[in-house]
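In our numbering, the protein residues as written are 55 to 288. In this text, a Cβ means the ideal position worked out from N, Cα and C, and glycines have one as well. Just so it is clear, the structure is predicted and the values come from calculations on it, not from any experiment.
If you want it as structure tokens, here you go:
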């Protein structure tokens with residue numbers, strides 16, 4: 055009788071131990087799957103951001119090339135048309151801010167998330183009038199050596215990173231929202247990048263309530279002027 059009880063107890067112990075091992079194996083397996091998925095998503099996000107950054111730099115280079123060939127920067131493609139072609143009204147841009155005129159520039163239309171790029175330009179650098187009245191204009195060039203852009207880039211605390219910028223291009227990243235007539239982003243720094251003014255924010259990506267994933271590139275004044283001089287346009 056005692057031996058039978060001992061055998062039963064041993065069996066129950068082994069059964070309980072086996073169940074614990076099975077549960078532990080399930081926990082480890084589920085944890086591994088979750089960690090693998092998280093790592094995969096992080097890798098994909100990083101690749102998407104790298105791809106978009108490469109495209110943004112290509113757009114900046116295309117803007118310079120356009121200016122060298124045409125004596126001015128292109129106007130934005132207004133959101134209402136969204137046909138990839140710049141919009142002018144007479145001799146001036148229809149709007150200082152809109153979408154990248156990707157057809158005119160010969161670049162891609164969308165970022166890695168399938169969203170269009172926001173484009174802001176200083177009006178004097180994109181009109182069809184020679185010069186900006188600051189000096190002696192060059193025929194066929196809408197700006198001069200003494201011309202200044204009106205765009206400012208700030209960091210997370212509002213300090214100026216760069217200023218007097220002729221043009222900027224922004225990807226709203228995965229957190230993209232429709233710009234006019236759609237709602238503005240809830241995050242203040244992201245809202246600053248699509249609120250149709252001359253102030254932009256460029257800072258590290260963050261998550262959470264104040265998540266920020268915009269990617270901003272700008273065309274520094276010195277680079278544009280220098281490249282125009284190299285091309286004997288100024």
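Query                                                                                                                                                                : Result
Whole angstroms is fine: what's the gap from residue 246's alpha carbon to residue 167's?                                                                            : 20 Å
Quick one: give me the first and last residue of the alpha helix (DSSP H) that residue 162 is part of.                                                               : Residue 162 -> no alpha helix (DSSP H), and no H or E assigned at all.
Could you give the distance in angstroms between the alpha-carbon of residue 95 and the alpha-carbon of residue 171?                                                 : Because the pLDDT of residue 95 is 47, which lies under 50, any placement of that residue in the model is unreliable, and the number read from its coordinates should be weighed accordingly. Cα-Cα distance, rounded: 23 Å.
Thinking just about the alpha-carbon of each residue, which of 259, 274, 138 is nearest to the one in residue 100?                                                   : 259
Quick test of your reading: residue 221 and residue 127, contact by CB under 8 Å. State the CB separation rounded to the nearest angstrom.                           : 6 Å
Candidates 229, 256, 185: which alpha carbon is nearest residue 195's?                                                                                               : 185
Applying the criterion that 16 or more other CB atoms from any shown protein chain within 10 Å of the CB defines a buried residue, is residue 282 buried or exposed? : buried
For residue 173, which residues does DSSP report across the bridge?                                                                                                  : 152, 223
Just verifying my parser: in three-state terms, what is the DSSP assignment at residue 118?                                                                          : helix
Which residues bound the beta strand (DSSP E) around residue 253?                                                                                                    : 253 to 255
Tell me, please, which residues DSSP counts as bridged to residue 216.                                                                                               : 207
If I follow the unbroken alpha helix (DSSP H) through residue 275, where does it start and stop?                                                                     : 275 to 284
CB residue 271 to CB residue 223, shorter than 8 Å?                                                                                                                  : yes
Go ahead and pull the three-state DSSP assignment for residue 271.                                                                                                   : strand
Is it buried or exposed for residue 248, if we count other Cβ within 10 angstroms and need 16 for buried?                                                            : buried
Would DSSP call residue 184 helix, strand or coil?                                                                                                                   : coil
Could you give the DSSP three-state label for residue 67: helix, strand or coil?                                                                                     : Any answer about residue 67 is weak, because its pLDDT of 49 lies below 50 and its placement is not dependable; what the coordinates show is given next. Here residue 67 sits in helix by DSSP.
Are the segment 173 to 191 and the segment 123 to 143 touching, with three or more C-beta to C-beta distances below 8 Å?                                             : yes
Taking all protein chains shown into account, decide if residue 135 is buried (16 or more other Cβ within 10 angstroms of its Cβ) or exposed.                        : exposed
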